[in-house]
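Peer 1:
Residue numbers (this note's numbering): 23 to 116.
#1: What does a CB cutoff of less than 8 Å around residue 24 pick up in its chain, not counting 5 residues either side in sequence?
#2: Within 10 angstroms of its Cβ, does residue 16 collect 16 or more other Cβ (buried), or is it exposed?
#3: Counting C-beta neighbours from all protein chains within 10 Å, is the total for residue 92 16 or more, i.e. buried, or is it exposed?
#4: For residue 66 versus residue 47, is the C-beta distance shorter than 9 Å?
#5: Given a cut-off of 9 Å on the beta-carbon distance, is the pair residue 86 and residue 39 in contact?
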């Protein structure tokens with residue numbers, strides 16, 4: 023469904039925008055001999071969004087298609103006698 027498609031795209035943008043800088047910071051803190059420190063947050067987060075376009079371009083379509091298919095599968099199973107947890111599990115597995 024179109025609403026699932028839009029929801030998947032929006033979720034992917036939000037998740038990537040939040041997680042990407044945090045992953046960058048985690049890598050910077052784990053690098054041996056790096057000059058980054060938790061005491062200087064501005065330096066630690068500086069440039070942490072560089073390179074985000076690649077993950078966004080690849081993840082947005084995947085998230086959108088996943089949610090659209092999940093919603094369509096769930097809608098087609100709605101009339102079945104399966105419990106709700108089963109229809110959700112099947113929808114996510116497809």
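For every residue, glycine included, the Cβ atom is placed at its ideal position computed from N, Cα and C.
Peer 2: Put simply:
#1: 90
#2: Residue 16 falls outside the range modelled here, since the chain spans only 23 to 116, and no answer is possible.
#3: buried
#4: yes
#5: no
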